[in-house]
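Participant: The listed protein sequences derive, respectively, from chains A and B. Sequential numbering from 29 applies to the first sequence in my numbering. Sequential numbering from 29 applies to the second sequence in my numbering. Yeah, the Cβ is synthetic: ideal placement off N, Cα and C, and Gly gets one too.
Number of protein chains: 2
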Amino acid sequence: MLKVESYIEEKAKVVHSELKRYMENLQGVPQPLKESMTYSLLAGGKRLRPILVLASAEAVGGKEENALPFACAVEMIHTYSLIHDDLPAMDDDDFRRGNPTNHKVYGEAMAILAGDALLTKAFGIMTEGLKEVNLPYEIGLDLLRECSIRVGAEGMVGGQVKDILAEGQGVSLETLQDIHRSKTGDLITFSIRLGAVVGGAKESELHSLTGYAERLGLAFQIQDDILDVIGDQNKIGKPVGSDEGKNKSTYPALLGLEASKEWVQTLVKEAKDLVVSLDEVQSDRLLMIADYLTVRDK
Amino acid sequence: MLKVESYIEEKAKVVHSELKRYMENLQGVPQPLKESMTYSLLAGGKRLRPILVLASAEAVGGKEENALPFACAVEMIHTYSLIHDDLPAMDDDDFRRGNPTNHKVYGEAMAILAGDALLTKAFGIMTEGLKEVNLPYEIGLDLLRECSIRVGAEGMVGGQVKDILAEGQGVSLETLQDIHRSKTGDLITFSIRLGAVVGGAKESELHSLTGYAERLGLAFQIQDDILDVIGDQNKIGKPVGSDEGKNKSTYPALLGLEASKEWVQTLVKEAKDLVVSLDEVQSDRLLMIADYLTVRDK
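#1: Taking all protein chains shown into account, decide if A/Thr294 is buried (16 or more other Cβ within 10 angstroms of its Cβ) or exposed.
#2: Output the distance between the C-alpha atoms of A/Thr278 and A/Phe248, rounded to the nearest integer angstrom.
#3: Using only the alpha-carbon positions, how far apart do A/Phe98 and A/Ser68 sit?
#4: Less than 8 Å separating the beta-carbons of B/Glu233 and B/Val309?
#5: If we define contact as Cβ-Cβ less than 8 Å, is B/Lys149 a contact residue for chain A?
#6: Taking the continuous alpha helix (DSSP H) assigned at A/Leu315, which residues delimit it?
#7: With DSSP collapsed to three states, give me the class of A/Pro164.
#8: I want to verify the contact list: residues of chain A whose CB lies under 7 Å from the CB of B/Arg173, in sequence order.
#9: If you measure beta-carbon to beta-carbon, which residues of the segment 45–73 of chain A are closer than 8 Å to chain B?
#10: Measuring CA to CA, which of A/Gly223, A/Leu246, A/Val296 is closest to A/Cys100?
#11: Considering Cα atoms alone, identify which of A/Arg75, A/Gly56, A/Glu33 is closest to A/Ser45.
#12: Any idea what DSSP makes of A/Pro78, helix, strand or coil?
#13: Taking only the alpha-carbon atoms, compute the straight-line gap between A/Gln55 and A/Ser200 and give it to the nearest angstrom.
#14: Take A/Val88 as the anchor and find which of A/Gly239, A/Pro128, A/Ser288, A/Ala229 has the nearest alpha-carbon.
#15: Just confirm the distance between the C-beta atoms of A/Met184 and A/Lys149, as a whole number of angstroms; I'd bet it's less than 8 Å.
#16: Between which two residues does the alpha helix (DSSP H) harbouring A/Asp28 extend?
#17: Identify the residues that DSSP records as bridge partners of B/Arg124: which are they?
#18: Kindly confirm or deny that the segment 193–208 of chain A and the segment 169–180 of chain A touch, where touching means at least three C-beta pairs closer than 8 Å.
#19: Give the secondary structure of B/Thr331 by DSSP, where H, G and I count as helix, E and B as strand, and everything else as coil.
#20: Going by DSSP, what residue range makes up the alpha helix (DSSP H) through B/Lys190?
#21: Counting only the same chain and skipping the five closest in sequence on each side, list residues whose C-beta sits under 7 Å from that of A/Met65.
#22: Going by DSSP in three states, B/Lys41 sits in which element: helix, strand or coil?
#23: Taking only the alpha-carbon atoms, compute the straight-line gap between B/Asp119 and A/Asn130 and give it to the nearest angstrom.
#24: Which residue from B/Val323, B/Tyr108, B/Pro116, B/Val189 puts its Cα closest to that of A/Ala181?
#25: Out of A/Glu92, A/Ala139, A/Asn94, point me to the one whose CA is closest to A/Leu115's CA.
#26: The alpha helix (DSSP H) that contains B/Thr238, what's its start and end?
#27: Put B/Gln205 into one of helix, strand or coil per three-state DSSP.
#28: A/Asp253: which of A/Glu156, A/Pro164, A/Lys289 sits nearest, CA to CA?
#29: Are any of the Cβ atoms in chain B nearer than 8 Å to that of A/His112?
#30: Between A/Ile79, A/Ala71, A/Gly73, which lies nearest to A/Ala241 when the distance is taken from Cα to Cα?
#31: Whose C-beta lies closer than 6 Å to the C-beta of B/Gly157 among residues of the same chain, with five residues either side of it excluded?
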């Protein structure tokens, strides 16, 4: 197994157990709601976002235990967004990561409420996490405010709306990038910035890590589109070509497959250069993760 | 016009303009999402929760301008919960306050996302508000954490699930109270506690105001059930008897109409007594609001 894969597997396990603990510790929650939340949260997946939180915190010298609540919070936000995106009124997906989607198992009402509850819990966990780290008041509050912007109407939720509005329409490369910058990029960028701030990053480090994050987020999305064309259905957990079937604009469709692959390489190189330039940052894991994104097959 | 009604009308206007300002200031949000959020947020309603935030803050000597962001945040949370509750998968309501519900105007996908965005924005606004008030870090964070608990799986969202599970079943008075404590009570209690803490309440004051809030929340719910039996459809904005039609358990159905009315009176008296007992609290408005709840007809 590659070094990066064992790192990701190890950290995914840490995140998984902690997410499980949060679910088990919920007090006075009706059983079907708890089950519905837990079902999607513990369904697996790459755990990319929480791992980015941990890797980013450690890169600037922070402790994993301090970053862990924030890692779990972003995974809850990611999971809530997937549950709501899969709903019949939205993407109407029956499967996610090879398993029936939340509403197929628990019904639409419970799926909507499980999403609501995961989003709400994420903010609670971040406030708990902030009490444990030694950050100035303003900086802690700014993190929560940034979260609200990056995952709300001005970020992720707005991106989902843009995506819905663009469906069935030929969009320009610029529009496609704008959709992804908010729909998937904002949470990825936030994950890395969150880890960095909690880990005690300096302003200049935060700036470079943000650049790394933005390139990584875009590369990740392009690679997702590429895998939808050339991937292995068993590995990606959904039928290959499903974007095309839905008449969705993708990078391979707009740019061609080769140019898309090249762009991923360029973005990853730029991302890595930004991190390498930081003297006091332990860049190994962030470099590994950036490389991993170009070779992953799921 | 009664003194309390003009107070409520005046404060509702203050809250309305501020909510409008928040919506206008949203940056880079797709127009349909912005419209959908604004539609429900500015649809009117009693504005009970934000007014409780303001009244509670002022009662303990706080400034209205400091409490206003928090008042707007709880109204956004309340509005998000109404949008999601009205969805076809949940209560499937076509009208709210006499107007078509959000999903009837903007479609289900947009309604789900507008709710998500309002909830997310609420947390952002509270963090901004906390930067303006002079509170110890821990207390500020504890408020956000309490919000997450009271409106999430352990509170309001859990209450909605309990309500769904109880539908069509005869429930005991104890179960009914438990449903309402989380479904509607938790946000009302949080509104009053939020205003009190932001306004600078002492521990003993906060304790009594919490007792006031819990009684008010219950009285409010019982009165809602009473109005569903005896109210004026034009004033309450939905058909009279709609709870019975849905086979929902209500206080009048379990206790009888007269006993329900008496219970409201008892709860309001207890709530008022708790506030009156506080020496340094300007109780006038809180007493007025408690009385208003028993005489309101919508």
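Facilitator: Short version:
#1: Position 266 of the first sequence, counting from 1, holds the residue named residue 294 of chain A. By the neighbour-count rule (16 or more Cβ atoms within 10 Å), A/Thr294 is not buried but exposed.
#2: The residue given as residue 278 of chain A occupies position 250 in the first sequence. The residue given as residue 248 of chain A occupies position 220 in the first sequence. About 13 Å.
#3: For the purposes of this step, residue 98 of chain A is taken as the residue at position 70 of the first sequence. For the purposes of this step, residue 68 of chain A is taken as the residue at position 40 of the first sequence. Rounded to the nearest whole angstrom, the CA to CA distance from A/Phe98 to A/Ser68 is 18 Å.
#4: Translated into the one-based positions of the second sequence, residue 233 of chain B becomes position 205. Translated into the one-based positions of the second sequence, residue 309 of chain B becomes position 281. Judged by their CB atoms, B/Glu233 and B/Val309 are nearer to each other than the 8 Å cut-off.
#5: Your numbering for residue 149 of chain B matches position 121 in the second sequence. Yes, its Cβ sits closer than 8 Å to a Cβ of chain A.
#6: Residue mapping note: residue 315 of chain A aligns to position 287 of the first sequence, counting from 1. Per DSSP, A/Leu315 belongs to the alpha helix (DSSP H) from 312–323.
#7: Counting from 1 along the first sequence, the entry for residue 164 of chain A is found at position 136. Of the three classes helix, strand and coil, the one that applies to A/Pro164 here is coil, per DSSP.
#8: For the purposes of this step, residue 173 of chain B is taken as the residue at position 145 of the second sequence. For B/Arg173, the C-beta contacts it makes with chain A under 7 Å involve Gly152, Thr155, Glu156, in order along the chain.
#9: For the segment 45–73 of chain A, which is checked against every Cβ of chain B, the residues closer than 8 Å are Leu54, Gln55, Gly56, Val57, Pro58, Pro60, Leu61, Lys62, Met65.
#10: Here residue 100 of chain A corresponds to residue number 72 of the first sequence, with the count starting at 1. If you compare the alpha carbons of A/Gly223, A/Leu246, A/Val296 with that of A/Cys100, the shortest gap goes to A/Gly223.
#11: Here the question's residue 45 of chain A lines up with position 17 in the first sequence. With respect to the C-alpha of A/Ser45, the residue from A/Arg75, A/Gly56, A/Glu33 having the closest C-alpha is A/Arg75.
#12: In the first sequence, residue 78 of chain A corresponds to position 50, counting from 1. Look at A/Pro78 here: in three-state DSSP terms it is helix.
#13: Taking the first sequence and counting its residues from 1, the one referred to as residue 55 of chain A is at position 27. Taking the first sequence and counting its residues from 1, the one referred to as residue 200 of chain A is at position 172. Near 48 Å, if we compare the C-alpha coordinates of A/Ser200 and A/Gln55.
#14: Working through the first sequence from its first residue, we reach residue 88 of chain A at position 60. Measuring from the Cα of A/Val88, the nearest candidate turns out to be A/Ala229.
#15: Reading the first sequence from its first residue, position 156 is the one you call residue 184 of chain A. Reading the first sequence from its first residue, position 121 is the one you call residue 149 of chain A. Not confirmed; about 17 Å, so no contact.
#16: Only positions 29 to 326 of chain A appear in this structure, which leaves residue 28 of chain A out of reach.
#17: To locate residue 124 of chain B, count along the second sequence from 1; it is residue 96. B/Asn127.
#18: In short, these stretches do not touch, since the Cβ pair count stays below three.
#19: There is simply no residue 331 of chain B to check, as chain B begins at 29 and stops at 326 in what is shown.
#20: As a working mapping, residue 190 of chain B is identified with position 162 in the second sequence. Start and end: 184–194.
#21: Within the first sequence, the letter at position 37 stands for residue 65 of chain A. Within the same chain, A/Met65 has close Cβ partners Met51, Ala142, Ala145, Leu146.
#22: Position 13 of the second sequence, counting from 1, holds the residue named residue 41 of chain B. Helix, per DSSP.
#23: If you number the second sequence from 1, residue 119 of chain B lands on position 91. If you number the first sequence from 1, residue 130 of chain A lands on position 102. Each residue's Cα considered, the two are about 19 Å apart.
#24: Taking the first residue of the first sequence as 1, we reach residue 181 of chain A at position 153. Checking every option, the nearest Cα to that of A/Ala181 belongs to B/Tyr108.
#25: Start at 1 with the first residue of the first sequence, and residue 115 of chain A comes out as number 87. Closest in alpha carbon position to A/Leu115, among A/Glu92, A/Ala139, A/Asn94, is A/Ala139.
#26: The residue you call residue 238 of chain B lines up with position 210 of the second sequence. Here the alpha helix (DSSP H) through B/Thr238 covers 231–258.
#27: Your numbering for residue 205 of chain B matches position 177 in the second sequence. Residue state, collapsed to three classes: helix.
#28: To locate residue 253 of chain A, count along the first sequence from 1; it is residue 225. When each option's Cα is compared against that of A/Asp253, the closest is A/Lys289.
#29: For the purposes of this step, residue 112 of chain A is taken as the residue at position 84 of the first sequence. With 8 Å as the cut-off, A/His112 counts as an interface residue toward chain B.
#30: Taking the first sequence and counting its residues from 1, one reaches residue 241 of chain A at position 213. With distances taken between Cα atoms, A/Ala241 lies closest to A/Ile79.
#31: To locate residue 157 of chain B, count along the second sequence from 1; it is residue 129. Beyond the five residues adjoining it in sequence on each side, B/Gly157 comes within less than 6 Å, by CB distance, of Pro97, Phe98 in the same chain, given in chain order.
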